[in-house]
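In this note's numbering, the protein residues as written are 1 to 544.
Ideal Cβ positions, reconstructed from N, Cα and C, are used throughout, including at glycine.
One structure below.
Structure representation (structure tokens):
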């Protein structure tokens with residue numbers, strides 16, 4: 001993808017290269033730093049230079065294996081500053097009762113900790129997958145209003161990020177957070193509530209399909225929603241607003257369950273459900289997953305998340321359909337689908353690299369990770385507060401955990417024709433720019449709270465004393481494609497305005513020889529901050 005202005009952000013109008021359908025055959029092209037960077041940028045938050053080198057050295061097969069490897073769950077969030085909490089500072093609160101006075105502080109702890117996972121995960125796809133499923137099974141913290149529920153919900157997503165999707169749907173159906181968010185707890189035999197039944201079909205499993213008649217959406221009907229709501233009656237969540245209960249849980253209440261027969265439409269083969277008590281919801285989901293449309297619907301979601309929003313007829317036939325068939329053959333295991341997609345010829349094909357506008361989490365959390373910014377890890381309160389400030393900035397860019405706009409998730413992944421372009425608008429562009437301007441200033445963003453450690457960052461870059469190699473290698477981090485000659489010259493003029501290349505080499509080497517010279521260090525640092533600010537202002541830095 002190329003832009004209309006390579007030297008600044010005067011225009012954000014993107015010119016997209018045509019995408020070739022190619023195939024899901026394993027990629028056989030060159031495996032270099034650029035292809036390794038493309039893989040990591042799509043699957044992690046802000047890969048570091050050494051990580052790109054390590055992945056390139058691994059080769060594609062080992063890189064995919066590393067990205068998809070199982071890993072222990074991260075340590076849970078802790079109380080970092082609330083002296084009035086029943087949980088001591090530094091201790092885990094996720095299984096403890098919730099005093100009213102601690103509600104805000106625990107939510108703040110969770111939100112900080114969640115950004116922390118994105119920044120500190122390493123070479124793993126898990127956090128990108130967890131965010132994908134959060135977008136898919138969207139919930140809103142303002143409705144749930146309990147950090148214990150949100151943590152448990154997120155742990156469910158993280159644990160099953162690459163696992164059994166059918167089981168994930170079953171678990172999500174009776175998850176305490178989802179029962180609260182989509183009114184499952186209010187769904188009783190005397191007053192069925194259709195909220196979850198509708199989203200289970202429309203958003204979570206099979207998709208709507210074109211309307212073919214009154215109340216008939218190709219894949220299901222309005223009558224199916226009514227019947228499914230009755231099938232799902234009887235579940236209730238516990239723990240909300242409780243100062244006595246620790247871990248939230250769900251329970252089946254037989255007296256609230258509709259024991260009468262429920263018949264589904266011709267879309268589900270006129271199947272009749274008799275009373276099966278607390279196993280009835282599992283029987284329902286098993287039935288839904290007999291329909292191949294489920295596999296193709298989910299594979300389109302995965303494709304738009306990792307590859308490109310545009311699904312042409314050729315991509316539908318050559319990419320989505322085979323992925324869906326693989327999904328079904330593997331009993332809805334997610335890992336084989338993601339593995340085949342990421343190592344495919346199509347994933348590395350012309351037009352894919354640079355075809356995405358980075359979502360705000362990719363952009364902001366990625367830069368925090370890539371630029372060696374100080375998160376004050378040696379001070380618990382400062383550590384959590386630093387990440388909370390990033391979360392607050394993410395809210396301004398209209399993408400933050402637990403605050404999607406609605407149950408459908410973020411419009412960038414489903415709303416045509418804009419799709420990813422929804423991330424760049426008059427409301428969200430300024431917060432992105434403010435953040436980048438702040439972290440590349442001497443004062444730092446929010447009064448020293450966050451600042452690029454430019455000298456540390458450049459110390460990780462190969463051949464940093466050569467201004468051309470320095471800029472090319474930094475471009476590997478922040479741009480989706482190798483810098484063109486005019487871009488390189490423009491950026492070099494920012495780094496060493498009007499000077500020959502050797503001036504940078506001499507000055508940088510002097511700094512390396514005597515890092516204790518604070519005046520020299522500050523002068524070199526300022527030149528690097530100027531360079532980084534210019535790189536972040538380029539439209540290409542918004543792309544992946």
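Counting along the chain, the unbroken alpha helix (DSSP H) around residue 305 starts and ends at 292 to 306. When rounded, the separation of the alpha-carbon atoms in residue 73 and residue 127 is 11 Å.
Look at residue 102 here: in three-state DSSP terms it is helix. Residue environment: residue 427 is assigned as exposed (fewer than 16 neighbouring CB atoms within 10 Å of its CB, all protein chains considered).
Nearest to residue 443 by alpha-carbon distance, out of 125, 177, 475 and 529, is 529. Exclusion of the five residues before and after residue 230 leaves 189, 192, 258, 260 and 262 as the residues of its chain whose Cβ lies within less than 8 Å of its Cβ.
Fewer than three pairs of CB atoms, one per stretch, sit closer than 8 Å, so the stretch 414 to 431 makes no contact with the stretch 114 to 129.
Residue 238 is bridged by DSSP to 249.
In the structure shown, residue 482 falls within a coil segment according to DSSP collapsed to helix, strand and coil.
Per DSSP, the beta bridge partners of residue 333 are 164. Contact annotation: residue 492 and residue 461 have beta-carbon atoms that are not nearer than 8 Å. In this structure, residue 26 lies away from residue 37, with their beta-carbon atoms at least 8 Å apart. Assigned with DSSP and collapsed to three states, residue 233 falls in coil, not helix or strand.
Taking a C-beta distance under 8 Å as the contact criterion, residue 292 and residue 176 do not qualify as a contact pair. Cβ-Cβ distances below 7 Å link residue 410 to 135, 399 and 404 in the same chain, with the five nearest sequence neighbours on each side left out; the list follows chain order. Closest in C-alpha terms to residue 181, from the list 281, 197 and 98, comes 197. Taking the Cα positions, residue 284 is about 37 Å away from residue 421.
Within the same chain, and ignoring the five residues on either side of residue 155 in sequence, no residue has its Cβ closer than 6 Å to its Cβ. For residue 461, there is no enclosing alpha helix (DSSP H), since its DSSP letter is neither H nor E. By the criterion of a C-beta distance shorter than 7 Å, residue 299 is surrounded in its chain by 320, 323, 324, 327 and 337, once the five residues flanking it on both sides are discounted. A distance of 8 Å or more separates the beta carbons of residue 77 and residue 86.
Under the Cβ criterion (8 Å, minimum of three pairs), the stretch 376 to 383 does not count as touching the stretch 346 to 355.
When C-alpha distances from residue 290 are compared across 316, 269, 237 and 255, the shortest belongs to 269. Looking from the CA of residue 305, the closest CA among 49, 438, 413 and 372 belongs to 413. For residue 357, DSSP records a beta bridge to 543.
Going by DSSP, residue 50 is part of the alpha helix (DSSP H) stretching over 49 to 58. DSSP, reduced to helix, strand and coil, places residue 405 outside both helices and strands of the structure shown, so it counts as coil. Look at residue 346 here: in three-state DSSP terms it is coil, with no helix or strand label. Around the beta carbon of residue 368, a 10 Å sphere encloses 16 or more other beta carbons of the protein chains shown; the residue is thus reported as buried. Residue pairing by DSSP puts residue 216 in a beta bridge opposite 213 and 221. Annotation: residue 101 to residue 141 spans about 17 Å, alpha carbon to alpha carbon. For residue 71, the closest of 41, 55, 58 and 160 by C-alpha to C-alpha distance is 160. Across the structure, residue 348 and residue 317 are spaced so that their CA atoms are roughly 18 Å apart.
Under DSSP, residue 188 takes part in a beta bridge, and its partners are 191.
In this structure, residue 41 sits away from residue 482, with a CB-CB distance that is not shorter than 8 Å. The beta carbon of residue 174 lies closer than 6 Å to those of 235 and 250 in the same chain, with the five residues before and after it left out.
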